[in-house]
Amino acid sequence: MPKQIDHNQPEIVAALRAAGATVQHLHEVGKGCPDLLVGFRGVNYLLEIKNPNTKGKLTPAEAGWHLMWCGSSMIVNSIDEALAAIGALA
């Protein structure tokens, strides 16, 4: 069963794209994989989107994925956090 997206994901994706980023949805990969692969100014970012109204806790699968991943990944709750994560805020 595909993972459902957090309610704030569409607005975060729209803001990232408006800032000039490319965005690939990964939420259907499942198994704890982050929600988005974002490319911005030649750098790739993995973003896990969390809904701030639900305390944004990671599922056990997500927590396990983040522990085993040897690269960087970030958890964001808002447009500002997502833009800051990719360096798009001045």
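Mind the numbering: the sequence shown is residues 0 to 89 in numbering that gives the first Met the number 0, read in order.
Don't be surprised by glycine CBs; every beta carbon is placed ideally from N, CA and C.
Quick caveat, the model's predicted, so the values are computed rather than measured.
Within the region 29-67, complete alpha helix (DSSP H) segments of at least 4 residues are found at 59-67, given in chain order.
In this structure, A60 keeps its C-beta atom at 8 Å or more from the C-beta atom of A14. In the structure shown, Q8 falls within a helical segment according to DSSP collapsed to helix, strand and coil. Taking C-beta atoms as the reference points, S72 and P33 count as a pair closer than 8 Å. Secondary-structure assignment with DSSP links I74 through a beta bridge to E47. Taking 8 Å as the cut-off, the Cβ atoms of I78 and I4 do not count as close.
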